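> Below: one structure in structure tokens.
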Amino acid sequence: MTKNSCDVLLDYFNDQLTCEERKEFEAHLQICKDCQDELKELQELTADLPYSSEPIEPSAGMRERVLSNVLQAENSDMAMEGTEAEKNKTSNERVTEIIPGKKVNKWYKPLVAAVLVLSLIGNGAAIIYINQDEDVADSGSETIRDTIQRMEELQPSEGVSAQATAMMIEQNKNTNLVVQASDLPPLEGEETYQVWVVEDGKPYRAGTFVPNNNGLGAVSYVINYEGNHKWDTIAITKEPTANSKTPQGNILLSSPL
Amino acid sequence: MREHDLDLYRRIEAQDENALELLYDRYEKLLFSFAFRMTNNKFLSEEVVQEVFTKLWTKKGMYDESKGKFSSWLLTITRNTSIDLLRKKKETPYELEERDALLDERPSTEEVVEWKESSERICTAVKELTSEQQEIIELFYFKGMSQSKIATTCNIPLGTVKGRVRLALKHLREKLSNVQERGVRE
Ligand SMILES: [Zn+2]
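Note that the protein sequences, when read in sequence, are chains B and Z. Each residue of the first sequence is one higher than the one before, starting from 126 at the first, in the numbering used here. Each residue of the second sequence is one higher than the one before, starting from 199 at the first, in the numbering used here.
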């Protein structure tokens, strides 16, 4: 160990330790009265701070999206004890991945999710802030840059009457993708709709969803594939299950990017 | 009558969807606002709230009374999840201006009013701190920075960070009790 154990208390509190360091500190904490007291004090002194946050309205449609995703979360998470397994999961999987084995055709509150996402797109497009100033990133400040957003209308394939809109917020490596679709044909059994982003003919999963009884469906997905990608197409297909690695069904809707 | 958080939590552990919904409605706005305070990003904040409730739903035995008040514990989980997601997204940050959302304040329930009052109270107390102390609380608590990052950002020796954080928080506590007393007298 390079550092005195007591010195990493703040980093422990802020969850800034590696797994190994954390275990080491937790062992130390068992036997160090000073650290126990300081940790308790830190918790007490900061207990009010969350309430200093200015109350803001949750995003439109958030309740429906969150609750449906939570309820679809695979309970095998229970088997994943400990925080390491949890940390290794990429966050975008949690947002939208529908895990096989659990019934997927179940929106929590089917009624308004998709419509509300559309209104999010409407507001979102108006309020996104573009800052391409490269000079702001000095001095270790958490300054933010590189925001580009685009919106695409997806075109239905022949004989398909569905409609869909995709909004992308691109960063240097990641893309937030929000897809909203309507007039979707109903699904059967384990079927799902799958969003794909395509690069040179190779499709990557970009969100799974099931429409409600009115044929409305929506998903928000953080595209987070390693390496550099130039997506050339976005497409929606109907898949036999939620875990297709490549598209099995025909393309219902698509758009070049 | 308002059901206790702990009772709701027990029902959630037993996979009661109705209880999940009730607890969600009770805490959505607070957790979302706090996550937004931490991340300054609505997409991430929604992701934070979703992760917090996913944990509640899928992992049994996360909370028991030895961990203190349920609401404080839930806020701690929210903070840790925010720090974790911020770290994952750090390489590709972006910013959304959320003016509309900030203007749209509808304190619909008694709780939100109370929270707004305490928010004003805490903000008043924070403003009475020196700007160095305000900054160190911001970097430590709301940005969740490591000690070494705080040292570089503030240009102070690493060994002094812990002491400064504690001092700033203790001063805030004193200011807060002063603000409270003034409030009582007024
Ligand atoms: Zn110690």
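The beta carbon of each residue, even a glycine, is placed where N, CA and C say it ideally should be. The structure displayed is predicted, hence computed values, not measured ones.
#1: Measuring from the CB of residue 159 of chain B, is there a heavy atom of ligand 3 at a distance below 7 Å?
#2: Less than 8 Å between the beta carbons of residue 331 of chain B and residue 321 of chain B, yes or no?
#3: Helix, strand or coil: which one does DSSP assign to residue 334 of chain Z?
#4: Going by Cα to Cα distance, which pick from Z:354, Z:343, Z:321 and Z:317 is closest to residue 330 of chain Z?
#5: Checking 8 Å against the spacing of the C-beta atoms, do residue 152 of chain B and residue 255 of chain Z come in under that value?
#6: Could you tell me whether any Cβ in chain Z is nearer than 8 Å to the Cβ of residue 335 of chain B?
#7: Would the beta-carbon of residue 226 of chain Z fall within 8 Å of that of residue 183 of chain B?
#8: Please classify residue 172 of chain B: does DSSP put it in a helix, a strand, or coil?
#9: According to DSSP, what are the bridge partners of residue 342 of chain B?
#10: Mind checking if residue 377 of chain Z is an interface residue toward chain B, Cβ cutoff 8 Å exclusive?
#11: At the level of alpha carbons, what is the spacing between residue 357 of chain B and residue 344 of chain B?
#12: Anything in chain B within Cβ reach of residue 371 of chain Z, meaning under 9 Å, just list it in chain order.
#13: Using beta carbons (cut-off 8 Å, strictly below), is residue 181 of chain B in contact with chain Z?
#14: At a cut-off of 7 Å, would you count residue 153 of chain B as near ligand 1, judging by its Cβ distance to the nearest heavy atom?
#15: Report back the beta-carbon spacing between residue 373 of chain Z and residue 327 of chain Z to the nearest angstrom; my notes put them in contact at under 8 Å.
#16: Residues in the region 269–283 of chain Z with C-beta within 8 Å of chain B's C-beta atoms, listed in sequence order?
#17: Only counting the same chain, and skipping five residues up and downstream in sequence, which positions put a Cβ closer than 8 Å to that of residue 371 of chain B?
#18: Just the C-alpha distance for residue 146 of chain B and residue 354 of chain B, rounded to the nearest angstrom, thanks.
#19: Looking at C-alpha atoms only, which residue of Z:314, Z:239, Z:228 and Z:242 is the closest neighbour of residue 274 of chain Z?
#20: Does the region 335–352 of chain B come into contact with the region 302–317 of chain B, if we say contact requires no fewer than three beta-carbon pairs (one atom in each stretch) closer than 8 Å?
#21: Would you list the residues sitting across from residue 380 of chain B in a DSSP beta bridge?
#22: For the putative contact between residue 318 of chain B and residue 342 of chain B, defined by C-beta atoms under 8 Å, what is the C-beta separation to the nearest angstrom?
#23: With a threshold of 16 other CB atoms inside 10 Å of the CB of residue 279 of chain Z, please say whether the residue is buried or exposed.
#24: Just the Cα atoms here: how many angstroms apart are residue 209 of chain Z and residue 264 of chain Z?
#25: Give the straight-line distance between the Cα atoms of residue 363 of chain Z and residue 347 of chain Z, rounded to the nearest whole angstrom.
#26: With a CB to CB cut of under 6 Å and the five nearest residues on each side skipped, what residues in its chain are close to residue 264 of chain B?
#27: What distance in whole Å lies between the Cβ atoms of residue 174 of chain B and residue 134 of chain B, which are believed to be in contact at a cut-off of 8 Å?
On the basis of the data shown:
#1: Ligand 3 is absent from the structure shown, which contains only ligand 1.
#2: yes
#3: helix
#4: Z:354
#5: no
#6: no
#7: yes
#8: coil
#9: B:306
#10: no
#11: 20 Å
#12: 169, 170 and 173
#13: yes
#14: yes
#15: 7 Å
#16: 270, 273, 274, 276, 277, 278, 281, 282 and 283
#17: 328
#18: 35 Å
#19: Z:228
#20: yes
#21: B:359
#22: 6 Å
#23: buried
#24: 18 Å
#25: 13 Å
#26: Its pLDDT being 37, under 50, residue 264 of chain B is placed unreliably in this model, and the value from its coordinates should be taken loosely. Within the same chain, residue 264 of chain B has no close Cβ partners at all.
#27: Not confirmed; about 18 Å, so no contact.
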